[in-house]
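Just so we're aligned, residue 1 is where the sequence shown starts under UniProt numbering, counting upward by one.
Ideal Cβ placement from N, Cα and C applies to all residues, glycine included.
Beneath this line is the structure, given in structure tokens, with notes to follow.
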Amino acid sequence: MQKILDDPSEHGLEAHRYTLRRFLIRLSRDSGFLPSSLFLNAVVDIDRDPFGGGAFADIFLAKHNGKAVALKRLRMFQYSTDQQKKDHVKNFFREALMWRQLSHPHILPFLGVDKVTFPGHFCMVAPFMQNGNIIQCAEYFLQIGADVPREPWLLEIGKGLQYLHEEQLVHGDLRGANILIDEDLHVRLADFGVAVLADASSSSGISTRSGGAARWCPPEVLKGEPSSFESDIYAFGCVCIELYTLDLPFPELNDAQVVAKILKGFRPKRPSPETGIQLYIWSLARRCWTVKSSRPDIANVIDSLANQRIIPLTVPPRSPPASPKRVYRHHASSPSNTTLAELAELATSDDGHSFSIASTPSALSPFFPPSLDHSPKSIDFVKHGRSRSTSPREGSSPPRAGVPRMHGPYAGPAYSRTPQISPGGSSEEFEIVSPRSSFETDESNVFHPVVL
């Protein structure tokens with residue numbers, strides 16, 4: 001069946017490709033087997049210590065056919081029940097099969113499954129992304145004094161997301177940590193562990209699962225609705241802000257507090273002018289945060305970006321910038337087994353208390369080094385954007401005169417809790433979005449919180 005999916009037109013089954021894909025995933029789940037064509041050999045030079053991982057997998061560096069690859073190994077816990085172990089394997093197979101069907105310039109390639117390197121464990125294999133995720137790479141650009149190509153990257157994110165939606169696939173966990181940068185400085189969407197097949201009978205692309213990090217989730221998902229094409233659009237708006245601030249949405253709040261804010265209609269505030277965010281980007285982000293039925297589809301998002309004058313990425317550095325060493329400031333976040341619905345219940349409790357859930361390290365996106373230092377000796381960059389920000393860090397160049405320092409887990413000191421006065425004179429920390437709000441691209445709607 002996988003061979004048919006690899007070239008359905010040859011078998012006259014192109015019109016049934018989505019049905020075949022869904023059936024293959026169900027067959028693998030029920031049988032406990034993967035198609036033999038997914039397995040590969042000749043993975044060598046494996047680092048025995050993982051360099052990253054998430055809640056249910058560890059990431060190892062290795063080589064395949066002479067190229068650096070990353071192995072995502074399913075993690076089994078000693079005290080997991082047999083049913084839990086079976087569920088983990090089923091989810092692993094589902095991710096591998098869905099990922100196997102994808103091929104696009106802005107999707108991280110799937111190389112195959114390795115079952116030899118770690119006996120008794122399956123590993124998904126993908127190219128090693130030396131440039132790290134999009135936030136790490138942006139921070140590195142700033143450290144060496146290069147402009148960050150935010151607008152070309154946002155357009156590429158949109159194109160990758162459009163491809164997923166055309167494939168009837170909801171990403172479900174779109175955020176900076178899951179957006180990688182390849183050796184040519186182009187975007188590669190990754191981490192399809194939460195991705196789900198959309199319901200082909202629904203024009204809105206409703207999935208059968210819900211998930212994703214709370215800070216990037218729309219209100220309806222926090223209330224327990226499944227992820228959808230529209231929830232991906234909401235997350236895209238958050239990524240726009242994340243890429244300009246180099247910080248998490250609502251950075252000073254823990255997850256339960258963030259959920260409470262979102263359910264009350266609050267959205268991230270506009271980044272300061274020093275970040276270089278343009279009016280049309282801010283307007284687009286706000287449109288992505290409207291009520292579900294009013295959000296633009298991905299085609300409209302791409303049109304909004306493509307209609308602007310964006311300098312293309314044409315000249316990569318001679319030696320790609322690898323992720324520098326960095327210290328992550330972990331926010332109080334939900335344990336891996338805490339659902340979004342449970343967070344929402346905590347956040348909306350009636351006793352008036354603020355909740356702080358025990359801090360756990362945030363899951364690292366696969367296939368990039370979180371703490372490796374491979375500073376290139378000679379780098380040439382195309383200049384992009386309108387402004388720069390630099391943060392001091394051990395081993396990096398000092399900030400240039402007149403350039404503000406960035407804050408957050410990706411750059412600079414901890415976030416200041418002091419409310420900042422916007423150019424419009426407001427001291428509100430967040431923006432309140434009404435379901436009736438209509439966001440126009442004029443200055444009167446940009447600098448002030450919208451309270452209706």
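Asked                                                                                                                                                                 : Found
Do you know offhand how far Lys264's Cα is from Pro271's?                                                                                                             : 21 Å
What are the start and end residues of the alpha helix (DSSP H) that includes Gly237?                                                                                 : Phe229 to Thr245
Residue ranges of each beta strand (DSSP E) run of no fewer than 3 residues wholly in the segment 150-190, ordered along the chain?                                   : 179-181 and 187-189
Tell me whether the beta-carbon of Leu305 lies closer than 8 Å to the beta-carbon of Leu155.                                                                          : yes
Just confirm the distance between the C-beta atoms of Pro268 and Pro249, as a whole number of angstroms; I'd bet it's less than 8 Å.                                  : 5 Å
Closest to Met98 by C-alpha separation, out of Phe192, Leu243, Ile233 and Ser37, would be which residue?                                                              : Phe192
Looking at Ala235: is its Cβ nearer than 8 Å to the Cβ of Trp216?                                                                                                     : yes
Quick one, which of Asp255, Glu167, Pro127 and Thr117 has its alpha-carbon nearest Gln101's?                                                                          : Glu167
Does the beta-carbon distance from Ile179 to Arg94 come in below 8 Å?                                                                                                 : no
State the DSSP-derived secondary structure class of Asp297, mapped to helix, strand or coil.                                                                          : coil
In the structure shown, what three-state DSSP assignment does Leu253 receive?                                                                                         : coil
Where do the ends of the alpha helix (DSSP H) carrying His88 lie?                                                                                                     : Asp82 to Arg100
Please list, in chain order, all residues of the same chain as Thr19 whose beta carbon is under 6 Å from its beta carbon, the five residues on each side excluded.    : none
How many angstroms separate the CA atom of Pro105 from the CA atom of Met129?                                                                                         : 14 Å
In the DSSP assignment, what residue or residues form a beta bridge with Asp58?                                                                                       : Gly53 and Arg73
Any idea what DSSP makes of Phe266, helix, strand or coil?                                                                                                            : strand
Buried or exposed: which applies to Pro219, given that a residue is buried once 16 or more other Cβ atoms fall within 10 Å of its Cβ?                                 : buried
If you draw a straight line from the alpha carbon of Ala256 to that of Ser227, how long is it in whole angstroms?                                                     : 19 Å
Provide the residue(s) that pair with Met124 in DSSP beta bridges, ordered along the chain.                                                                           : Lys72 and Val113
With a threshold of 7 Å on Cβ separation, who are the neighbours of Asp114 within its own chain once the five nearest residues in sequence on each side are excluded? : Leu40, Val43, Leu71, Cys123 and Val125
Since Ile46 contacts Gln162 with CB under 8 Å, what's their CB separation in whole angstroms?                                                                         : No, Ile46 and Gln162 are not in contact; Cβ-Cβ is about 36 Å, not under 8 Å.
Quick check: what's the CA-CA separation for Asn91 versus Leu169?                                                                                                     : 16 Å
Is Trp289 helix, strand or coil by DSSP?                                                                                                                              : coil
Quick check on this structure: which residue in Gly112, His121, Leu246 and Val291 has the alpha carbon closest to the alpha carbon of Leu38?                          : Gly112
Assuming Ala96 and Leu142 make a contact with CB atoms under 8 Å, what is their CB distance in whole Å?                                                               : Incorrect: roughly 36 Å between the Cβ atoms, too far for contact.
Quick check on this structure: which residue in Asn131, Val291 and Glu183 has the alpha carbon closest to the alpha carbon of Phe229?                                 : Val291
Based on Cα-Cα distance, which residue from Gly172, Tyr140, Arg75 and Leu279 lies nearest to Gly53?                                                                   : Arg75
Between Arg17 and Phe56, what straight-line distance do the alpha-carbon atoms span, to the nearest angstrom?                                                         : 30 Å
Under 8 Å, do Ile107 and Gly160 count as touching if we go by C-beta distance?                                                                                        : yes
Counting along the chain, where does the alpha helix (DSSP H) carrying residue 455 start and finish?                                                                  : This structure cannot speak to residue 455, because the chain is shown only from 1 to 452.
Starting from Asn133, follow its DSSP beta bridges and name the residues at the other end.                                                                            : Leu180
Short of 8 Å in beta carbon distance, which residues of its chain neighbour Gly158, apart from the five on each side in sequence? Order them along the chain.         : Phe236, Ile298, Val301, Ile302 and Leu305
For Ala138 versus Leu243, is the C-beta distance shorter than 8 Å?                                                                                                    : yes
On the criterion of 16 or more Cβ atoms from any shown chain inside 10 Å, does Arg48 qualify as buried, or is it exposed?                                             : exposed
Taking all protein chains shown into account, decide if Lys261 is buried (16 or more other Cβ within 10 angstroms of its Cβ) or exposed.                              : buried
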